[in-house]
Structures are given as structure tokens and as C-alpha cells.
Amino acid sequence: DSGVTQTPKHLITATGQRVTLRCSPRSGDLSVYWYQQSLDQGLQFLIQYYNGEERAKGNILERFSAQQFPDLHSELNLSSLELGDSALYFCASSLGTSGRNEQFFGPGTRLTVL
Amino acid sequence: AQKITQTQPGMFVQEKEAVTLDCTYDTSDPSYGLFWYKQPSSGEMIFLIYQGSYDQQNATEGRYSLNFQKARKSANLVISASQLGDSAMYFCAMRAPGYNQGGKLIFGQGTELSVKP
């Protein structure tokens, strides 16, 4: 158990819908990362927050947004869903953003868009 | 731009033997970090080992060691005495340097390791 929790574990929805994925980082970790894992794209970085502020952005679609709340939990919002958004979405947390600060990954949310 | 390349999509190893998983990277920044993660069939990502670009010695963590060859830009993972539970997907990753990168990880495509009894 990495200490990072993600809910829900599985999500099945239809095209055009909107979903929210939730992540609670390890106690004490200030940095939260979101990654998407799909068969064709592999593991891709989406976005990162550090202590409530957006720090880095990857190839995140405009239909996707995220935020980190004062209690440090984070939510990833996916809207106008398409079939191609079906993937495993990971949240990871770390104490710092450099050096040996490894990222601890949550169990992931598997999103299926029908 | 930074890039990680894992050229072995799949590998087999006999139980109790050692295996090397290849990883090459590309960056122009002198300061970087390299990570290996394991992803079993259950899906979770498990951190295995870290190597910093300025570390003088190769990293080791139990049965895992990292063969770091800076001049060749390679960071191969060596698993000694393979066990059946080592069967999984293995990802090499590099921490993108620079404050604005936020410490994000850039992943390779992964190598699927199968351990034979």
C-alpha cells in the first residue's frame, strides 16, 4: 500500500459525459501528479500541483481540468468524454519535486467510455 | 526534449537467474534522476530504485541494481535471482529537470518480464 488513495477504482460511462476522479496523497506529501496510461500512448503525464498551485502541465486536453484543495486532495475532471479517453488514470504524490523524491502511485482509476 | 527508450517489449527469464532490462535516455541537462517502477498485472505502480545523475555509485535495493553508464546514457535494471513474483511490466522513467517541469516523470514504453519456473 503506497498510502495514496484513488476513487473510484472503476468507472464506466458514456460518450459526452463528465466524470470526476479523486485522489488523496500520502500524509505529508505536497505534490500531486496525474498520469494517463493507455495502450497506444503509454504512460503520459497530465498535470501537477504543488501545495495547491498548478506547477506543471503536460499533454492535457482542454476538456480535462484538475485542482488541488487546501487539504491537499486533488480532483481530475474529464468532460465531453470520448471513446479514446478510456484509460487507467493514476495519481501520484511526493514530498518534493527533485532529487530522490520518488513518486508514490495510487491504485489508479480505470475509466471505460462506451 | 527528454526521452526514455526501452527496446525490449518482452523478455523471459528462468527462475533464480539474473536478468537485465535495458533503458536508454536522452537529455541535455546535466542534472537528472532516473527511476524504475514495476507494474504487476494488478495494475499498481511500485517504485523499485533511483539513480541520480551525480551519484558516484550504481544504486542497489535488495535484488535490484542499476547499471548506470552515464557516457552511454543508459540505466539498465538488473534483477538478481529472479522469482515468479517478478513477472510484471517494468518501466524506466526520468525526472524532467527544471523548476517549471514540477518533477514530472517521463516514462519509457515498458518491458514485460515473464519468469519461468
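First to last, the sequence lines map onto chains A and B. Its first residue numbered 4, the first sequence is counted upward by one per residue in the numbering used here. Its first residue numbered 7, the second sequence is counted upward by one per residue in the numbering used here. Cβ atoms here follow ideal geometry from the backbone N, Cα and C, with glycine treated the same way.
#1: Check for me: the beta strand (DSSP E) holding Phe72/A runs from which residue to which?
#2: Are the CB atoms of Arg29/A and Ser77/A within a distance shorter than 8 Å?
#3: Based on Cα-Cα distance, which residue from Met51/B, Lys110/B, Leu72/B lies nearest to Arg58/A?
#4: Out of Val19/B, Glu21/B, Cys29/B, point me to the one whose CA is closest to Thr13/B's CA.
#5: Can the beta-carbon of Leu86/A be found closer than 8 Å to that of Thr18/A?
#6: Since Met100/B contacts Ile10/B with CB under 8 Å, what's their CB separation in whole angstroms?
#7: Spatial neighbours of Thr115/A within its chain, please: CB distance less than 8 Å, with the 5 preceding and 5 following residues excluded, ordered by chain position.
#8: Could you have a look at Gln107/B and say whether DSSP puts it in helix, strand or coil?
#9: In angstroms, rounded to a whole number, what distance separates the CA positions of Arg21/A and Leu64/A?
#10: Between Phe93/A and Met51/B, is the Cβ-Cβ spacing less than 8 Å?
#11: By the 10 Å Cβ neighbour count, where 16 or more other Cβ atoms means buried, how is Phe72/A classified, buried or exposed?
#12: The stretch 83-102 of chain A: which residues have C-beta closer than 9 Å to a C-beta of chain B, in chain order?
#13: State yes or no: is the beta carbon of Gln8/B nearer than 8 Å to at least one beta carbon in chain A?
#14: What did DSSP end up calling Gly16/B once you bin it into helix, strand or coil?
#15: Grouping DSSP H, G and I as helix and E and B as strand, with all else coil, what is Leu91/A?
#16: What do you reckon, are the CB atoms on Ser5/A and Gly111/A nearer than 8 Å?
#17: From the DSSP secondary-structure annotation, give me the bridge partner or partners of Leu81/A.
#18: Could you tell me whether the Cβ atoms of Ser120/B and Ser93/B are closer together than 8 Å?
#19: Cα separation between Ile55/B and Asp61/B?
#20: Taking 8 Å as the CB-CB cut-off, is Gly19/A touching chain B?
#21: What's the C-alpha gap between Ser27/A and Leu79/A?
#22: Please name the residue in Lys76/B, Leu90/B, Arg78/B, Trp42/B whose C-alpha comes closest to that of Glu23/B.
Let me lay it out:
#1: Taking the first residue of the first sequence as position 1, residue 72/A is located at position 69. DSSP places Phe72/A in no beta strand (DSSP E); its state is neither H nor E.
#2: The residue labelled residue 77/A in the question sits at position 74 within the first sequence. The residue labelled residue 29/A in the question sits at position 26 within the first sequence. It is not a contact, given that the beta carbons lie outside the stated cut-off.
#3: Position 55 of the first sequence, counted from the first residue, corresponds to residue 58/A. The shortest C-alpha separation from Arg58/A is found at Lys110/B.
#4: In the second sequence, the residue the question calls residue 13/B occupies position 7. When each option's Cα is compared against that of Thr13/B, the closest is Cys29/B.
#5: Your numbering for residue 86/A matches position 83 in the first sequence. Your numbering for residue 18/A matches position 15 in the first sequence. If you check the CB distance, Leu86/A and Thr18/A come in under 8 Å.
#6: Translated into the one-based positions of the second sequence, residue 100/B becomes position 94. Translated into the one-based positions of the second sequence, residue 10/B becomes position 4. Met100/B to Ile10/B, Cβ: 5 Å. Contact.
#7: Residue numbering aside, residue 115/A sits at position 112 when the first sequence is read from its first letter. Once the five neighbours on either side are set aside, the close Cβ partners of Thr115/A are His13, Leu14, Ile15, Thr16, Ser89.
#8: Position 101 of the second sequence holds residue 107/B. Correct three-state label for Gln107/B: helix.
#9: Position 18 of the first sequence holds residue 21/A. Position 61 of the first sequence holds residue 64/A. Looking at the two C-alpha atoms, the distance is approximately 14 Å.
#10: Along the first sequence, read from residue 1 onward, the residue named residue 93/A stands at position 90. Along the second sequence, read from residue 1 onward, the residue named residue 51/B stands at position 45. Contact flag set, yes.
#11: As a position in the first sequence, residue 72/A is number 69, starting the count at 1. An exposed status is given to Phe72/A, since fewer than 16 other beta-carbon atoms sit within 10 Å of its beta-carbon.
#12: Only Leu91, Phe93, Ala95, Ser97, Gly99, Thr100, Ser101, Gly102 from the stretch 83-102 of chain A bring a Cβ to less than 9 Å from some Cβ of chain B.
#13: Locating residue 8/B in the second sequence gives position 2, where the first residue counts as 1. No - not a single Cβ of chain A is within 8 Å of the one on Gln8/B.
#14: Residue mapping note: residue 16/B aligns to position 10 of the second sequence, counting from 1. Shown here, Gly16/B sits in a strand according to DSSP, grouped into three states.
#15: As a position in the first sequence, residue 91/A is number 88, starting the count at 1. In this structure, Leu91/A counts as strand in the three-state DSSP scheme.
#16: By 1-based counting over the first sequence, the position of residue 5/A is 2. By 1-based counting over the first sequence, the position of residue 111/A is 108. It is not a contact, given that the beta carbons lie outside the stated cut-off.
#17: The residue labelled residue 81/A in the question sits at position 78 within the first sequence. Paired residues: Val22/A, Phe67/A.
#18: If you number the second sequence from 1, residue 120/B lands on position 114. If you number the second sequence from 1, residue 93/B lands on position 87. Yes.
#19: Counted from its first residue, the second sequence places residue 55/B at position 49. Counted from its first residue, the second sequence places residue 61/B at position 55. Approximately 13 Å between the Cα atoms of the pair.
#20: For the purposes of this step, residue 19/A is taken as the residue at position 16 of the first sequence. No, because no Cβ of chain B sits closer than 8 Å to the Cβ of Gly19/A.
#21: Residue 27/A sits at position 24 when you count from the first residue of the first sequence. Residue 79/A sits at position 76 when you count from the first residue of the first sequence. The alpha-carbon atoms of Ser27/A and Leu79/A are separated by roughly 12 Å.
#22: Locating residue 23/B in the second sequence gives position 17, where the first residue counts as 1. Ranking the options by Cα distance to Glu23/B, first place goes to Leu90/B.
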